[in-house]
Structures are given as structure tokens and as C-alpha cells.
Amino acid sequence: MARLDTTHEVEVDLEAGRQDSPAPASSPCTSTSANNKPSQKNKKQKRRTRVVGCCCRVACAALLAAALVAALLGVLYLALDPKLPRYSVHALNVTAFGMDDDMTARATFDASVRFENPNRAIGIRYEEGSDLSVWFRGYRLSQCALPAFYQGPHGDAALVRVAMSEARL
1 MARLDTTHEV EVDLEAGRQD SPAPASSPCT STSANNKPSQ KNKKQKRRTR
51 VVGCCCRVAC AALLAAALVA ALLGVLYLAL DPKLPRYSVH ALNVTAFGMD
101 DDMTARATFD ASVRFENPNR AIGIRYEEGS DLSVWFRGYR LSQCALPAFY
151 QGPHGDAALV RVAMSEARL
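The sequence shown begins at 1 in UniProt numbering and counts up by one.
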């Protein structure tokens, strides 16, 4: 409710024919200082709003980038249709067998392992450091290092023959 007992001074310039009204009273919704400039509170609120807006834009850009990367990986997965390689022991031969004086058995093995790549568009590179072990009832009988080789796509299969180390049984 407006106050009725207030008075406003109005200056009238009779020669120019215009009326100058006093500066409007500040409303409770705006915060201005005596010289009609925004107060420090308004500046801080605007700065905070800008920072929050910037953070929101950065977060949205990061989410959009993550969604694009996920979509790209999904398309690559569907296009390439990757499958795990299959391995099978083609042959395992005992090449030497002997007994020591203390009744310890010694054996040497040769193995042929088949590596099959079922992928249509993905080749597999086997690096040095891969090994093959022969186990029997939780006891390792023998082991050897596999050679490094590349297996191409399109259902390529490779048969690798390796001589394994001697084992004490």
C-alpha cells in the first residue's frame, strides 16, 4: 500500500516546456547505491551466475564428449565384431623319458598347439613373453616360451610346434 502523506518536488522549466521529475525511489527489488550504480552485492551475484553458467557449459561439453566417444566405440564394436581366439593342443609327445638313481623320473615333451583366429577384420599379434605349460593334477610337468608371430584375420589358423623343457617327475 502506498503512503499518502509523501510529497514530491517537481521542477518545471517554463521556457523549454518540459518537466523534470525527481529520481525514482528505489524499489525493494533492486539494489543500487546513492549514485544509481549497481552495488557490490549485485556484482558478486552476477559473477557467481557467470561462474555457475560456465561450469554448467563445461560439464555439458564433457558429457557430450563422453557420449560421442561411447557411441564411436559402440559403432566400432558392432562393425568389427571381435571374438576371442581359440586354442587347442594338436599333439603332445614325450620325446625322452628316464629314471635317475634316486628314483626320480625325467621327461621331455614336444607340443603342437593350434591357434585359431575367428575374427573377420582383426589380426592378432602374439608378443614375446607368452609361454606354454603342461600340468598334471596341479603339478607343472614342463614349460616353454612361445615364439612371437602374427595371425591375420579371416579365420586364420596357425600350428606352432615347440620343444619343452625337461621335467623331474
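Backbone N, C-alpha and C define an ideal beta-carbon position, used for all residues, glycine too.
Since this is a predicted model, take the numbers as computed values, not measurements.
Check, Outcome
"Local conformation of residue 104 per DSSP, three classes", "coil"
"Validate contact between the stretch 108-120 and the stretch 133-143 using beta carbons, cut 8 Å, 3 pairs", "yes"
"Within 8 Å, strictly: CB atoms of residue 80 and residue 124", "no"
"Between the CA atoms of residue 97 and residue 103 - distance to the nearest angstrom", "13 Å"
"From 138, 147, 118, 72, residue whose alpha carbon lies closest to that of residue 132", "147"
"Same chain, Cβ closer than 7 Å to residue 95, neighbours up to 5 away in sequence not counted", "108, 109, 110"
"Residue interval of the beta strand (DSSP E) (run including residue 81)", "Here residue 81 belongs to no beta strand (DSSP E), and DSSP marks it neither H nor E."
"Supposed contact pair residue 155 and residue 93 - C-beta distance, whole angstroms, cut 8 Å", "So it is not a contact: roughly 27 Å between Cβ atoms."
"Beta-carbon spacing of residue 162, residue 115 below 8 Å", "no"
"Local Cβ density within 10 Å of residue 164, reported as buried at 16 or more and exposed below that", "buried"
"Cβ pair residue 120, residue 153 closer than 8 Å", "yes"
"Among 158, 130, 126, 168, nearest to residue 149 - alpha-carbon criterion", "126"
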